[in-house]
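Peer 1:
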Amino acid sequence: MKLRQLKRGEFLSLLSIALLMIIISPMVLYLDLFAPFGEFWKYSEQNSIELDTPYGKAAIEYDKYGTPKIEADNMKSLFYAVGYAQAKDRMFQMDLQRRLMKGQLSEVFGESLNETDEFYVKMNFVNAAEASWEYFRNTEFAEYLNAYSEGVNDYIENGELQPEFKLLDYTPEKWTPVDTFLINKLIAWELTGDFWDLERAYILKKLPEAKELYPEYLNHSYPIIYSEIPNINKSLLDWLKQFEGDKSFGSNNWVISGKYTASGYPMLANDPHLSLTVPPVWYRMHLKSKDFEVWGVTFPGVPVIIIGQNRFVSWGVTNVGADVIDFYTYRFDGDRYLYKGKWLEVEKEKRIIKVLKDGEIKEQEITVEKTVHGPIIEKFGTKVAVAWTGFTATTELKAIFGLNRASSVAEAIDALRWFNVPAQNFVLIDRFGNTAYYPAGKYPIREKDGDPVPGNIIFNGSNGDGEWRGFKPYGVSTWEGFIPFEQIPHLINPDYVATANQRPVFEYRYYIGDSEYFADPYRGMRIYEMIEKRIAEKGKLDVDDMIEMQKDVYSKPAEFILGDIRDNLSKIQFSDKTRPYVDELLNWDYRMVSDSKAALIFSIFLKEYMNETFYDEFNSAGLGEENYPKLWVLQNLPEDSRWFDDTRTPEKETKWDIVERALERTARIIESNGYERYGDINIFMATHPFSPKILFMNYPQFKMNGSDYTVYNFRYDYRPFQAGSSWRMITTFTESSAKMLGVIPGGNSGNYFSDNYADQLEMWRDCEYIVTEVGY
Amino acid sequence: MNSGIILFLIGFAISGFHWIGIVLAGAGLSFFGRSIKTKVLYGTVAGVMIWFAFVAYTLSIGIYDKVTQTGTLFNLSIFLSIVVGGASGLITAYQTDYR
Chain A
1 MKLRQLKRGE FLSLLSIALL MIIISPMVLY LDLFAPFGEF WKYSEQNSIE LDTPYGKAAI
61 EYDKYGTPKI EADNMKSLFY AVGYAQAKDR MFQMDLQRRL MKGQLSEVFG ESLNETDEFY
121 VKMNFVNAAE ASWEYFRNTE FAEYLNAYSE GVNDYIENGE LQPEFKLLDY TPEKWTPVDT
181 FLINKLIAWE LTGDFWDLER AYILKKLPEA KELYPEYLNH SYPIIYSEIP NINKSLLDWL
241 KQFEGDKSFG SNNWVISGKY TASGYPMLAN DPHLSLTVPP VWYRMHLKSK DFEVWGVTFP
301 GVPVIIIGQN RFVSWGVTNV GADVIDFYTY RFDGDRYLYK GKWLEVEKEK RIIKVLKDGE
361 IKEQEITVEK TVHGPIIEKF GTKVAVAWTG FTATTELKAI FGLNRASSVA EAIDALRWFN
421 VPAQNFVLID RFGNTAYYPA GKYPIREKDG DPVPGNIIFN GSNGDGEWRG FKPYGVSTWE
481 GFIPFEQIPH LINPDYVATA NQRPVFEYRY YIGDSEYFAD PYRGMRIYEM IEKRIAEKGK
541 LDVDDMIEMQ KDVYSKPAEF ILGDIRDNLS KIQFSDKTRP YVDELLNWDY RMVSDSKAAL
601 IFSIFLKEYM NETFYDEFNS AGLGEENYPK LWVLQNLPED SRWFDDTRTP EKETKWDIVE
661 RALERTARII ESNGYERYGD INIFMATHPF SPKILFMNYP QFKMNGSDYT VYNFRYDYRP
721 FQAGSSWRMI TTFTESSAKM LGVIPGGNSG NYFSDNYADQ LEMWRDCEYI VTEVGY
Chain B
777 MNSGIILFLI GFAISGFHWI GIVLAGAGLS FFGRSIKTKV LYGTVAGVMI WFAFVAYTLS
837 IGIYDKVTQT GTLFNLSIFL SIVVGGASGL ITAYQTDYR
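Protein sequences appear in the order of chains A and B.
Using this note's numbering, you'd call the opening residue of the first sequence number 1 and step up by one each time.
Using this note's numbering, you'd call the opening residue of the second sequence number 777 and step up by one each time.
See below:
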């Protein structure tokens, strides 16, 4: 058969169709996503959602700030709807955190996160979360957690996923109750996962005289253990640094009893200082089912209110910071280790990490090892086992759920018995006028030969030194070797109490952490000072006083350090260059506000003062600025302390020489960078996980007040995020209602296209609040 | 109604949920072109019309500012509309008789 000859137009048409296909085929993914009306742009704001869950009806009503009020027929349908709402608003954040804990980041983000995955797999958080789930599997909580997971999965299957999933081209796996416990473990790890014991051992090995810079509360020496340390080295510490919690995390909370409030009802304030992320770490919600009603914030992935209020009680938390992690070395013989005279096999388990490399998923085998004490870290020639209170089945969810349901401070305290990790300073109030402070958590008691010893050292695991009785990693612990709940120092019905991560108590019979585990006392001092001043001046405080206190940017370090300089001006030889800077500092009101030049000078001076004091000794010992002691230690060194002497010069320097040098360097930094005001460096820059590759999802930048030492808390440098007040809350009661003022740094929705993506940001900056008021 | 218009309207409607609509709309409108050049031009016009409809949609649901802030991605939506629309105009090139 002879084919008809094509007309030229027909030929052109066929040619153009072929051309069209050639043009389009490599662009299909882009077309699917970014063509007009493409997948990436799909978004619909839903203010009201009716859910017909397998357990009954539930309704989600969003207010103008994107806070869901979820009402349901029963508890199971309520938790189902909570899962649905959280997945709608924060699924990417939930999945990212779950991937971090499971060691699945490099599967999506590539091999650069391979080491991170390796660490998290080897620490075996998954088994710890599974142990918690096993513990709850036959309780009422299991039903709620299953319902919550089903709600999340309903949204994954039927809802519009966030833009991040579209950009990364994957659909999240189904949520399970174990994933909720993984989020629980993640938060606990971020607040208590601390390698200070190893770092301390390294510092003291390199610079033994630095021991005075890290005072121990329990003055107990344990030199034999030091000689057992095989090879703690800087490479190991630098590697571990990236996986430990941010040590500068802090928080404030305080309560004022009705005795000192204008209304006669107690008031509570809380602002936990965590990473300032996009979206924020907290998710605000309001839950109601029959008699159960509670509101406040939670971590996405957790179905209950972690900080909040119900019609009877309100509670807030700060991190205690206690030492709940220990390290053990052993005598090894191949894959065996000596333990109390017996040779035991190291338990080994193979795990697979998936890594995205050159556009393909490749598998990598990881061996997870553990001893009787916990998982083994083996890196850079060091092999230690880690015991952390979170590595066992823990019951925080039960405690928090108990708080959600409590109808008095007494009931709330009873619920706190179940709170294991991270140990938290709980402050509590109820509408009947009660107040309380309880630092709930599991605090290990370490012993050697029957005597208590501090836990800031590396223990000889082969001897069984310092081990925690009743602790079973990845199983269910009996906890008998821990401080009994009743013996934890606490206050019932204090007139007022303030916590800001300072040491909870002095003269306590048990070691709970050395000075490095607790924050400098500046914020705590300032809060007490403000409360007492107001009581002295006004007698009674109101909500506006609480707001003013949360807004406070007064720097106690400035007061102490500059006061010291003022008292010793005659001893300091200021140069012509530094004189104007000193004058600026001495005529300052110590308020860290963005338009202050003195705040700029002081902020830079503090870092330079620390550097000028410690750099010579620390650097020559191979230590870095991350090993410097706390500011409080520097502030209280005597003026002729050996640490002020610059070992590189023949002269003997004093504190005042170092102050002048630090000021010189400060002046140089300010002038060479052209800084004029504190706001030139103190800039809010919260970044999305896709930054710097994609910038539009970052929050807008702006100048900030505050510092890491002020009550209004903000730290501008990245470690790896900026940090500050991650949720500001004030609660109280009236005769007819429970009232909460709250704000988060960003927005309740994690969906970039939502109106509620960053709508609370300016309110947060300005200490304005969204009010929730519920009648009795 | 002219079959080109019908194809354009069908394509326009389909573009609301799939980019293949741009191809159909571009081909539909290109029936009005008499040369390769004008067919490509009509195809491009179809793509741009769909893009304007998309902009109107983002305005109507209040995400226009967010969409424009995506920068490169927003520009990509214009680029894809023009390229795919223009190239689709060539589909009806068989109508052009060069004998």
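The C-beta atom is built at its ideal place from N, Cα and C for all residues, glycine as well.
In the DSSP assignment, find the unbroken beta strand (DSSP E) run with A/Q424 in it and report its ends.
Peer 2: Residues Q424 to D430.
Peer 1: Given A/L623, which residues of its chain have a CB within under 7 Å of its CB, disregarding the five upstream and five downstream residues?
Peer 2: Counting only Cβ-Cβ distances below 7 Å, and skipping sequence neighbours, we find I203, K206 and L207.
Peer 1: Assuming A/F696 contacts B/G847 (C-beta within less than 8 Å), just tell me the rounded distance between them.
Peer 2: Their Cβ separation, rounded to whole angstroms, is 6 Å, which keeps A/F696 and B/G847 in contact under 8 Å.
Peer 1: Between the Cα of A/T371 and the Cα atoms of A/N404, A/N124, A/T731 and A/D32, which residue gives the shortest distance?
Peer 2: The shortest Cα separation from A/T371 among A/N404, A/N124, A/T731 and A/D32 belongs to A/N124.
Peer 1: Ignore the nearest five residues each way along the sequence and tell me which others in B/A869's own chain have a CB closer than 7 Å to its CB.
Peer 2: Around B/A869: I812 and K815.
Peer 1: Check whether the Cβ of A/A35 lies closer than 7 Å to any Cβ atom in chain B.
Peer 2: Yes, contact with chain B.
Peer 1: Which chain A residues sit within Cβ distance under 7 Å of B/F830?
Peer 2: P36 and F37, listed in chain order.
Peer 1: For my contact list, A/A519 and A/G321 are in at a C-beta cut-off of 8 Å; report their separation, rounded to the angstrom.
Peer 2: Between A/G321 and A/A519 the Cβ distance is about 7 Å, and since that is below 8 Å, they are a contact.
Peer 1: Could you pull out every residue in the same chain whose Cβ sits closer than 7 Å to the Cβ of A/L96, ignoring the five residues on either side in sequence?
Peer 2: Within the same chain, A/L96 has close Cβ partners P689.
Peer 1: The beta strand (DSSP E) that contains A/G308, what's its start and end?
Peer 2: A/G308 -> beta strand (DSSP E) spans I307 to N310.
Peer 1: Based on DSSP bridge pairs, tell me the residues matched to A/K362.
Peer 2: Answer is A/V355.
Peer 1: Out of A/V386, A/V476 and A/L631, point me to the one whose CA is closest to A/G455's CA.
Peer 2: With distances taken between Cα atoms, A/G455 lies closest to A/V386.
Peer 1: Is there a C-beta anywhere in chain A that falls below 7 Å from the one on B/I826?
Peer 2: Output row for B/I826: interface = yes.
Peer 1: Per DSSP, which residues does A/L338 bridge with? Please list them.
Peer 2: Beta-bridge pairing links A/L338 to A/W343.
Peer 1: For B/L805, would you say it is in contact with chain A, using Cβ-to-Cβ distances shorter than 7 Å as the test?
Peer 2: False, the Cβ-Cβ gap to chain A never drops below 7 Å.
Peer 1: Listing by chain order, which chain B residues have their CB less than 7 Å from the CB of A/E10?
Peer 2: By Cβ distance, chain B contributes Y870.
Peer 1: With a threshold of 16 other CB atoms inside 10 Å of the CB of A/R503, please say whether the residue is buried or exposed.
Peer 2: Classification of A/R503: buried, given that the 10 Å Cβ count is 16 or more.
Peer 1: With distance defined between alpha-carbon atoms, name the residue in A/G433, A/P439 and A/F109 nearest to A/G359.
Peer 2: Looking at the Cα atoms, A/F109 is the closest of the given residues.
Peer 1: With a cut-off of 8 Å, do at least 3 Cβ pairs link the segment 467–474 of chain A to the segment 440–447 of chain A?
Peer 2: The segment 467–474 of chain A is in contact with the segment 440–447 of chain A.
Peer 1: Among residues of its own chain, excluding the 5 on either side of B/I858, which ones have a beta-carbon nearer than 7 Å to its beta-carbon?
Peer 2: Cβ within range, chain order: T820, G823 and V824.
Peer 1: In or out: A/S754 buried (at least 16 other Cβ within 10 Å) or exposed?
Peer 2: The residue is buried, with at least 16 neighbouring Cβ atoms inside 10 Å.
Peer 1: If we count Cβ pairs, one from each stretch, closer than 8 Å, do we get three or more for the segment 244–262 of chain A versus the segment 19–38 of chain A?
Peer 2: No, because fewer than three Cβ pairs between the segment 244–262 of chain A and the segment 19–38 of chain A fall closer than 8 Å, the two stretches do not touch.
Peer 1: Grab the span of the alpha helix (DSSP H) containing A/F34 for me, first residue to last.
Peer 2: First-last of the alpha helix (DSSP H) with A/F34: V28 to F34.
Peer 1: Below 9 Å on C-beta distance, what does B/A801 contact in chain A?
Peer 2: The contacting residues do not exist; B/A801 stays about 11 Å from chain A at best.
Peer 1: I need the straight-line Cα distance from A/P452 to A/I483, nearest angstrom please.
Peer 2: Answer to the nearest angstrom: the Cα atoms are 12 Å apart.
Peer 1: Helix, strand or coil for A/M333, going by three-state DSSP, please let me know.
Peer 2: A small fix is needed here, since residue 333 of chain A is Asp in this sequence, not Met. A/D333: strand per DSSP, three-state reduction.
Peer 1: Can you pull the chain B neighbours of A/L31, defined as C-beta to C-beta under 8 Å?
Peer 2: Correct list: W795, L856 and V860.
Peer 1: Does B/G792 come within less than 7 Å of chain A when only Cβ atoms are used?
Peer 2: Yes, contact with chain A.
Peer 1: Contact between the segment 666–685 of chain A and the segment 474–492 of chain A: three or more CB pairs below 8 Å?
Peer 2: No, the segment 666–685 of chain A is not in contact with the segment 474–492 of chain A.
Peer 1: Cα separation between A/R336 and A/E365?
Peer 2: Going from the Cα of A/R336 to the Cα of A/E365 covers about 21 Å.
Peer 1: Which of the three DSSP states is assigned to A/R591 in this structure?
Peer 2: It is a strand residue.
Peer 1: Have a look at A/Y265 and A/V771 and give me their C-alpha separation to the nearest angstrom.
Peer 2: Using only the alpha carbons, I get a separation of about 18 Å.
Peer 1: Could you please give me the residues that DSSP links to A/V368 through a beta bridge?
Peer 2: BP columns for A/V368 point to A/E349.
Peer 1: Have a look at A/S227 and A/P521 and give me their C-alpha separation to the nearest angstrom.
Peer 2: Low confidence applies here, because A/S227 scores a pLDDT of 39, under 50, leaving its location unreliable and the question unanswered by this model.
Peer 1: What is the DSSP secondary structure of A/I770, reduced to helix, strand or coil?
Peer 2: A/I770: strand per DSSP, three-state reduction.
Peer 1: Chain B beta carbons: is any one of them nearer than 7 Å to that of A/L20?
Peer 2: Taking Cβ atoms only, chain B reaches closer than 7 Å to A/L20, which makes this a yes.
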